[in-house]
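Only one structure is covered here, and it is reproduced in the block below.
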Amino acid sequence: MRIFFLFTIMAAGILLGTLSAHAASIVPDDENCMMCHKYPGLSRVSDEGYLRQFYVDSDRYTHSVHTKVKCSGCHTDIKEIPHKEAKIVDCAAECHITMGDSAKPFSHSKIVEELKGSIHNVDNEHVNARIAEDFPTCTDCHSNPTYRFITDDVRSVHDARSQDKIFQKCSVCHDQDPSYKHYFNHVTHRIKNLSASEDVVKTCSKCHSRDDMAEKHKLKNAASTYLDTFHGKAVEFGMENAPTCIDCHVRDGQSVHKILSHKSPDSATYVENRYKSCEGEGCHANTTREFGLIRMHVVIDKDLYPIEFWVALAFTVLTLGVFFMLQGLMILELIRIMFPKLSFRRKRNG
Numbered sequence: 001m002r003i004f005f006l007f008t009i010m011a012a013g014i015l016l017g018t019l020s021a022h023a024a025s026i027v028p029d030d031e032n033c034m035m036c037h038k039y040p041g042l043s044r045v046s047d048e049g050y051l052r053q054f055y056v057d058s059d060r061y062t063h064s065v066h067t068k069v070k071c072s073g074c075h076t077d078i079k080e081i082p083h084k085e086a087k088i089v090d091c092a093a094e095c096h097i098t099m100g101d102s103a104k105p106f107s108h109s110k111i112v113e114e115l116k117g118s119i120h121n122v123d124n125e126h127v128n129a130r131i132a133e134d135f136p137t138c139t140d141c142h143s144n145p146t147y148r149f150i151t152d153d154v155r156s157v158h159d160a161r162s163q164d165k166i167f168q169k170c171s172v173c174h175d176q177d178p179s180y181k182h183y184f185n186h187v188t189h190r191i192k193n194l195s196a197s198e199d200v201v202k203t204c205s206k207c208h209s210r211d212d213m214a215e216k217h218k219l220k221n222a223a224s225t226y227l228d229t230f231h232g233k234a235v236e237f238g239m240e241n242a243p244t245c246i247d248c249h250v251r252d253g254q255s256v257h258k259i260l261s262h263k264s265p266d267s268a269t270y271v272e273n274r275y276k277s278c279e280g281e282g283c284h285a286n287t288t289r290e291f292g293l294i295r296m297h298v299v300i301d302k303d304l305y306p307i308e309f310w311v312a313l314a315f316t317v318l319t320l321g322v323f324f325m326l327q328g329l330m331i332l333e334l335i336r337i338m339f340p341k342l343s344f345r346r347k348r349n350g
């Protein structure tokens, strides 16, 4: 009887612990949005024929950069439940939270203005084809990212500290402020690279690996030509510090949202600025202007790059020639080993 009682107590404890952990991972839902949006199958086909999913992963949202933001902070047009089709969120609108150092409402308007001045804006003077639906919006490049803690990458014996220990130090003074943990996560998240090199390349490749997009906008397939370079190979082999699209196409101190055309004098890839971009931190020190003239996104095409085409063809022929010669020698050697008495010479009479 005593064993049964102890077993019941243990089972109840495990169940309560599981339920409390699950409850801690659920987004506070004061607006009752998760009443419907918690179901993974919630979706519909739009008038344009696209499948639109409306499921919200509460656990992922809890650990994301928008965890402090209520649904109505972005979806300002929704006033009641059930609601009509939501309007597209305006990321430039003043919204959801106030900035930590003032009482002013936060806004991404500065980022939106920078994007308007970039080559990713349909109205940019250097755009080859003004097809509005081909140009990226915020959500094309940004999902709802989860926090990457700076302490996750600090693992030496002497200075490794868990997040809990750091939070304990903060709580000595900020015990009345429940937001200190959120702001700590936000700051350390921004200190680290937000995305791994491979993720950056994948994001850019959503558009820049599409041949139909390249043809419409008179561009090269930048993703495939990048992956042919040493930089691209390094990313494919998992080097975290390998140069990505952003490292070469964004100047130091410039916003990643303001990538300019190579024709713009302020661009990182402008002919007079390329070598300066190559001198970035941890890259090619003491480079010259001539170094920056090296072509990166080279397409092996006889009409576009005839010299590169014939050099590549020559090396291909040389490589195949050497390979087949070695294969032939190995086959002859194998025949000699297997049939040592075999000879193709005619026996002499007498």
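The sequence shown: position 169 = 169 (this note's numbering), numbered continuously.
Glycine included, each C-beta is placed from N, C-alpha and C at the ideal position.
Asked	Found
7 Å Cβ shell around residue 81 - same chain, five flanking residues per side excluded	32
Endpoints, beta strand (DSSP E) assigned at residue 43	43–45
For residue 326 and residue 263, the rounded distance between their alpha carbons	49 Å
Residue 58 versus residue 30: straight-line alpha-carbon distance, rounded	14 Å
As assigned by DSSP and simplified to three states, the class of residue 254	coil
Opposing strand residues paired with residue 265 [DSSP bridges]	According to DSSP, residue 265 bridges with nothing at all.
Touch test, the segment 282–294 against the segment 314–321, Cβ-Cβ under 8 Å, three pairs minimum	no
Given 8 Å, three or more beta-carbon pairs between the segment 263–277 and the segment 218–232	no
Contact under 9 Å by Cβ, residue 235 with residue 197	yes
First and last residue of the uninterrupted beta strand (DSSP E) at residue 51	51–53
Buried or exposed by the 16-neighbour rule on C-beta atoms within 10 Å, applied to residue 339	exposed
9 Å Cβ cutoff met for residue 54 and residue 74	no
Supposed close pair residue 361, residue 290 - CB separation, criterion 8 Å	Limits of the chain in this structure are 1 at one end and 350 at the other, which puts residue 361 out of reach.
Straight-line gap, residue 277 to residue 246 (C-alpha atoms, nearest Å)	11 Å
Three CB pairs or more closer than 8 Å across the segment 205–218 and the segment 246–257	no
Nearest-angstrom beta carbon gap, residue 312 and residue 300 [assumed within contact, 8 Å]	5 Å
Beta-carbon proximity of residue 213 to residue 123, cut-off 9 Å	no
Rounded distance between the beta-carbons of residue 257 and residue 114, thought under 8 Å	4 Å
Neighbourhood of residue 112 by C-beta distance below 7 Å, restricted to the same chain and skipping five residues each side	91, 92
Member of 106, 83, 127, 76 whose CA lies at the smallest distance from the CA of residue 216	127
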